[in-house]
Structures are given as structure tokens and as C-alpha cells.
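Residue numbers (this note's numbering), protein chains in the order written: chain H, 1 to 241; chain W, 1001 to 1322.
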């Protein structure tokens, strides 16, 4: 069964088509990736799903219910947690308080939210830094904080926007393990946008490839890397000289 | 009892006993400090907690003052009934400003300009309301009384001091509770990054509206106090932008977003400002505007050396969190 259904979604910015008639599904309990060259429309699709933008055409459903055109906070309440490609920590608040803000969505009570936030922080390896201000974190830790905050809202679907970018290979592998555990152990459905192919190949069960706002391929990682359309978009067309 | 709460209890006891030992001048200065501590606390809810800069808080002081004083002077409605009307009018004014700004995406300096605009055109508008005295002012009957008439808010300076003390203490307790509550977390999240706050499920429009309306409502009570304490109101005075600036200097110097910053800032500014004026007067120098020059210098010094205000570094030294 599909948790997320994107059907014929289009979005233009002043006549420029960022996303054109894109359709894809994310299966319940799946771990899918959205890849494509720069400017392919990946982040626009994320913003359409997360409610930052409303699609010009098409439908987006979460567990069968229409969510396109709703506000980001309503979409969060519907069960989608997201991270930002350019991290947006609450810089003046402590690491714990950052996550408490997210945890206050499922937990109405502040002390219960604190407990939930502390567990998530521990899980993501930020336990030693919980009382530091978020502004003092390094970039890899800020990316972890993004994930922790989104997880704290108890999402059904987690959208990860380039959380591996800028990480060293060992840090990247740690993050891969975290997401794998979340997906396998906790049954969390994940959709990730990623440039780091090392992470995508290690994690994703299915991949959707975007190019110029259109879905040009979809399938398992093995299928996708052999797809001629994908090779062409990434490596360029062979031309006779 | 922990040391901070012991210190707070001691300060409270001291403030309760003050009228017994202080002369009329000292008592009036203390009342003024509490007034600015209270209005600063109210402004801090909006700016310090939720990150919405208001440069027009004189609007709420003025509306609160005029509504309650007008009802009292013209229709004989007592201040305890009138304050509810004043409260409702100010909350509605805050809601209108907030709705216009947040519905149409006005933020940052443009929001601040909107708050100034509302205060300014209300000031000009009140010059033309004849029933409230227009530019000539609205006056309440002054009668020097020794007996406390709390029901009509008429009485000796000590009574006004205690009323203001109760308001300031109530505001401190309210803000302390709010900061630890869900509202406090949500407001601070909005202040730090609104997009991220919304992505975490916070209805930012609703919570920003709540901050503005609460701040406006709290400030309206200071207006009611102002009217019955000073007994005269002029649009050019109560609504003037210099009033708005005076309200925000305390929390800025004490520490925006902190619980004790507004109190500390109000005390430091009022004591030093009045102290300098008095000191120079004692030397036989009457220099008009010396207080404003002094405010400017203090503001410069704080911005340069204590960009987060006096309270955060002081709290750190005392080993407190906020």
C-alpha cells in the first residue's frame, strides 16, 4: 500500500516549469530516494509535499487523504516530518529545547515532551551536547539535529533533504545506519533526496529519477543505474565529433 | 529554598516594606521603575519571546488610559469595571495590527513600521475626539487623600505603589510560567526560525496573534494605572513615539527575551536617569534633555559591550540559567 501518492503534479515559477506532471509513490514502510542532477526539481517536489508550495496541478495524498495546498503545520500534523537542505536550527535554544519544540506536537505536556526529546537526542548520538546552544554545533551535528527535530513530531513519513551532503564518509555511514534502523526497527517510511550516491545505493529500496522536472526513471537501485535515460541525464549524450 | 528563590523572596519583602521607610520622592521613583518593569515585561512577550518587534506600544498604554479614564470621568464607570473595556479595546487593537501584518506577510522592520503607524494615527485621531478633551487633555479630579479608596483607585502614593508592585509581580509570574510552557517553546521557535517552527507543526499565525494580543492586553492595564496615577492625559504625551521607546529601553538594556532583564533594565535606567537629573539639580545645573542624552549613552554602551543586555552575563556569573 502507498503511504504517499504524488499524481501528475506540476509547478511553474514565472513560466519556468520546475516540476512537470510528476507522479510517484512511496510505499508504507519503504525507504525511497529521489535523485537527479542539480535543478531537476527535487527540492521543489519536497516543498510541494511539505506544504511550503502549493502545486499548480495534480494531487498529493498521504494515506489516501489529500494534502496538497495545505499549510506546512497542517502537513506536519497529518504525519509528515521534514528536514531542510539548508539547516534551520533554533540557534539560540539548546539542543534539547530544539527537539522539545518538535516533541510538543505529539506530547501536549512539556515534561513528557522533554523526555521524548532526550531519548531521540540520545538515539542520534547528540546526547553529550543536549545542553549546548544549537549555534555551537558543527554542520554534521546540525544535520543530526534537523533529523532529531523532525523525528520528535512522530511522523509517519520522514522527508530528508540532503542530510548527507557535507558529511565525511564515516559520518555518512553512521547516518545511513541511523536511517536503516529507523526504517527497519521502527517501521518509519522515509523519502530522501540525496546527491551522495554512496548513501542512496546503500539505503534506498526504490529510486525515482527526476530530470528537468520530469520523472525519467524509477525502480530498484540496480535498475536505475543501468537505465539509458538516467545515464544520459547524468553523463550527457554521446555526440559525434 | 534555593538561593535564587531566597533572593527573590528577600527582594519581594524589601519592596513590600518600602513605603514604610521611603520618602515621597523615592516612592515615586520606585513606582516609576515598577511601571517600566511591567510595560517592559509586556513588550518582551511580543519581541523577546515571539520575536515580533513593536515600536508602538504607547498605543496600548494610551488606549488603556483613555478608555478607563474616559469611562470614569464622563460616565462614572469605576476603574475595575473600566479596565475590562480597556483590556478588550487593546486586545482588539493588537489583533487588528497582528492580523493585517501576519495575514499579509509583513514582518521584521515593516512590521515595526506598522506598529509605529498605528500609534501615530491614533495619537492624531485622539486630538479630534472632543468628548475625551482632544489636544487640551483629559483630566481626572485630583484630591489628595490619605485613605485608600481602592475601588475607585483614588488614594495616597503608597496605594499606587502597591498596585504597580502587584502588577509587576503578576507579570513576572505569568511570563515565568509562559516561558516554561508550550507557548514559550512555540514563541521562541518562531522567534528563532519561523519556517522551521511551521515545519514542526506550529500554526505560526495563531501563536504570533496570541503573543501580540497578550502583550497588548497586559500593556492596557499599565495604561489604566497611568491614567489614575497621573490624573491627566494628553494625546501628544501618552501616544507619542518617545513613550514607545521609553517602554522598550528597559528590556533592551536589561536583556531581550529574559525574565529579569526588563526589571533590571527599568531599575537601572530610571535610577540612573533620575539620579543624574537630581544630582545636577543639586549642583544648581538645570539641563533640559540630560536624561535623554544619558539614555542614548547607556544604550550605546550596552550595544557595544553587552549586546545581549545586562542580565544574561550577570545571570551567568550568579550561576543561573536565565
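Glycine included, C-beta positions come from ideal geometry on N, C-alpha and C.
Tell me whether residue i sits in a helix, a strand or coil according to DSSP, three-state version.
{"i": "residue 1195 of chain W", "result": "helix"}
{"i": "residue 35 of chain H", "result": "strand"}
{"i": "residue 1149 of chain W", "result": "strand"}
{"i": "residue 1181 of chain W", "result": "coil"}
{"i": "residue 222 of chain H", "result": "helix"}
{"i": "residue 186 of chain H", "result": "coil"}
{"i": "residue 107 of chain H", "result": "coil"}
{"i": "residue 1154 of chain W", "result": "strand"}
{"i": "residue 1139 of chain W", "result": "strand"}
{"i": "residue 1287 of chain W", "result": "coil"}
{"i": "residue 217 of chain H", "result": "strand"}
{"i": "residue 1051 of chain W", "result": "coil"}
{"i": "residue 230 of chain H", "result": "helix"}
{"i": "residue 118 of chain H", "result": "helix"}
{"i": "residue 1317 of chain W", "result": "helix"}
{"i": "residue 1022 of chain W", "result": "coil"}
{"i": "residue 40 of chain H", "result": "coil"}
{"i": "residue 983 of chain W", "result": "Chain W is shown only over 1001 to 1322; residue 983 of chain W falls outside these bounds and no answer can be derived."}
{"i": "residue 143 of chain H", "result": "helix"}
{"i": "residue 1312 of chain W", "result": "helix"}
{"i": "residue 154 of chain H", "result": "coil"}
{"i": "residue 127 of chain H", "result": "helix"}
{"i": "residue 86 of chain H", "result": "coil"}
{"i": "residue 1002 of chain W", "result": "coil"}
{"i": "residue 1247 of chain W", "result": "helix"}
In angstroms with no decimal places, state the Cα-to-Cα distance between residue i and residue j.
{"i": "residue 1067 of chain W", "j": "residue 102 of chain H", "result": "42 Å"}
{"i": "residue 1031 of chain W", "j": "residue 1194 of chain W", "result": "37 Å"}
{"i": "residue 157 of chain H", "j": "residue 79 of chain H", "result": "6 Å"}
{"i": "residue 114 of chain H", "j": "residue 145 of chain H", "result": "15 Å"}
{"i": "residue 7 of chain H", "j": "residue 223 of chain H", "result": "22 Å"}
{"i": "residue 43 of chain H", "j": "residue 190 of chain H", "result": "15 Å"}
{"i": "residue 1120 of chain W", "j": "residue 1209 of chain W", "result": "21 Å"}
{"i": "residue 1169 of chain W", "j": "residue 1015 of chain W", "result": "11 Å"}
{"i": "residue 1181 of chain W", "j": "residue 104 of chain H", "result": "10 Å"}
{"i": "residue 162 of chain H", "j": "residue 197 of chain H", "result": "11 Å"}
{"i": "residue 1269 of chain W", "j": "residue 1011 of chain W", "result": "19 Å"}
{"i": "residue 1007 of chain W", "j": "residue 1021 of chain W", "result": "20 Å"}
{"i": "residue 62 of chain H", "j": "residue 68 of chain H", "result": "9 Å"}
Compute the distance between the beta-carbons of residue i and residue j, then report whether it is under 7 Å.
{"i": "residue 1223 of chain W", "j": "residue 1308 of chain W", "result": "no"}
{"i": "residue 1040 of chain W", "j": "residue 1250 of chain W", "result": "yes"}
{"i": "residue 205 of chain H", "j": "residue 34 of chain H", "result": "no"}
{"i": "residue 50 of chain H", "j": "residue 75 of chain H", "result": "yes"}
{"i": "residue 160 of chain H", "j": "residue 120 of chain H", "result": "no"}
{"i": "residue 1047 of chain W", "j": "residue 1211 of chain W", "result": "no"}
{"i": "residue 1064 of chain W", "j": "residue 1090 of chain W", "result": "yes"}
{"i": "residue 154 of chain H", "j": "residue 106 of chain H", "result": "yes"}
{"i": "residue 88 of chain H", "j": "residue 1189 of chain W", "result": "no"}
{"i": "residue 13 of chain H", "j": "residue 208 of chain H", "result": "no"}
{"i": "residue 1317 of chain W", "j": "residue 1239 of chain W", "result": "no"}
{"i": "residue 117 of chain H", "j": "residue 90 of chain H", "result": "no"}
{"i": "residue 1201 of chain W", "j": "residue 73 of chain H", "result": "yes"}
{"i": "residue 1227 of chain W", "j": "residue 1036 of chain W", "result": "no"}
{"i": "residue 22 of chain H", "j": "residue 2 of chain H", "result": "no"}
{"i": "residue 230 of chain H", "j": "residue 217 of chain H", "result": "yes"}
{"i": "residue 1101 of chain W", "j": "residue 1114 of chain W", "result": "yes"}
{"i": "residue 1157 of chain W", "j": "residue 1027 of chain W", "result": "yes"}
{"i": "residue 17 of chain H", "j": "residue 219 of chain H", "result": "no"}
Based on the DSSP secondary-structure assignment, which residues constitute the bridge partners of residue i?
{"i": "residue 27 of chain H", "result": "H:2"}
{"i": "residue 13 of chain H", "result": "H:16"}
{"i": "residue 161 of chain H", "result": "H:193"}
{"i": "residue 66 of chain H", "result": "H:61"}
{"i": "residue 94 of chain H", "result": "H:133"}
{"i": "residue 1233 of chain W", "result": "W:1138"}
{"i": "residue 7 of chain H", "result": "H:59"}
{"i": "residue 22 of chain H", "result": "H:9"}
Tell me which residue opens and which closes the beta strand (DSSP E) that residue i is part of.
{"i": "residue 208 of chain H", "result": "206 to 211"}
{"i": "residue 82 of chain H", "result": "80 to 82"}
Starting from residue i, trace the alpha helix (DSSP H) both ways and give me its first and last residue.
{"i": "residue 1213 of chain W", "result": "1204 to 1230"}
{"i": "residue 71 of chain H", "result": "Element bounds for residue 71 of chain H: n/a, residue is neither H nor E."}
{"i": "residue 55 of chain H", "result": "Careful: residue 55 of chain H lies outside any alpha helix (DSSP H) and carries neither H nor E."}
{"i": "residue 1258 of chain W", "result": "Premise fails: residue 1258 of chain W is in no alpha helix (DSSP H) and is neither H nor E."}
{"i": "residue 1058 of chain W", "result": "1058 to 1075"}
{"i": "residue 1109 of chain W", "result": "1109 to 1126"}
{"i": "residue 1106 of chain W", "result": "That residue, residue 1106 of chain W, is in no alpha helix (DSSP H); it is neither H nor E in DSSP."}
Could you check if residue i belongs to the surroundings of the ligand SAH, using beta carbon to heavy atom distance under 6 Å?
{"i": "residue 1214 of chain W", "result": "Annotation note on the ligand SAH: not contained in the displayed structure, which lists no ligands."}
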